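Read the structure below first, then the notes.
Numbering (the working numbering), first residue to last: 344 to 522.
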C-alpha cells in the first residue's frame with residue numbers, strides 16, 4: 344500500500360542518516376590526494392621511468408620519458424590506497440594512478456599492479472610496486488607476504504626484490520547494520 348511504501352521510505356532515510364560511511368558502502372581504504380601528493384607521485388614515477396629506461400642517456404629524452412610516464416600516471420587521477428602493513432602494524436599509504444595488468448606473471452583473482460609512491464622510514468617519497476589480489480582466506484594457503492619472507496630468507500641477497508610491506512586494505516569498523 345501507499346502507507347507501507349511511505350513508511351519504508353522513511354525508515355530507509357532514517358537508516359542512511361544514522362549509518363557510518365562504511366555502512367553506506369564507501370570504501371574507506373581509498374582516498375583522494377592533495378596537490379602536493381600528486382606532484383610527489385609524478386616526480387617519483389618520472390624518476391623511476393628515467394632511471395629504469397634512460398639512465399645515462401644524454402641528452403635527456405623528454406618526449407620518450409613523457410610517453411612512458413603516461414603509461415603510469417594520468418593527471419587528476421591519482422588515488423591514495425591505505426593498507427594495514429602486517430610487518431610493522433602501521434597503516435601504509437600508497438599513491439597510485441594507472442594499474443598495470445600482468446596476467447602471465449601473477450596468480451589470483453582480480454590481480455592488478457601499480458607503480459606507486461610511498462613514504463619511506465625517513466618520510467621521503469620513494470618508488471614501489473603495489474600488487475593487489477583478491478584472495479580467499481583458507482587455512483591451507485599462507486598469504487604472499489609470508490611466502491615472500493620465507494623465500495627471501497632462503498635465497499641469495501639481491502635475487503628476490505625487497506618487500507616493503509604486506510597486508511590487507513585498511514578496515515576501520517564492522518560494517519554490518521544493527522538496529
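Built from N, CA and C at the ideal position, the CB exists for glycine as well. Since we're looking at a predicted model, the values are computed, not measured.
In this chain, the beta strand (DSSP E) harbouring residue 423 covers 422-428. A straight line joining the alpha-carbon of residue 420 with that of residue 374 spans about 11 Å. Residue pairing of residue 470 in beta bridges, as defined by DSSP: 460. The C-alpha of residue 388 lies about 22 Å from the C-alpha of residue 503. DSSP places residue 438 within a strand segment (E or B) once states are collapsed to three. The C-beta distance from residue 429 to residue 348 rounds to 48 Å, too long to fall under 8 Å, and the pair is not in contact. Around the beta carbon of residue 391, 16 or more other beta carbons lie within 10 angstroms, which makes this residue buried.
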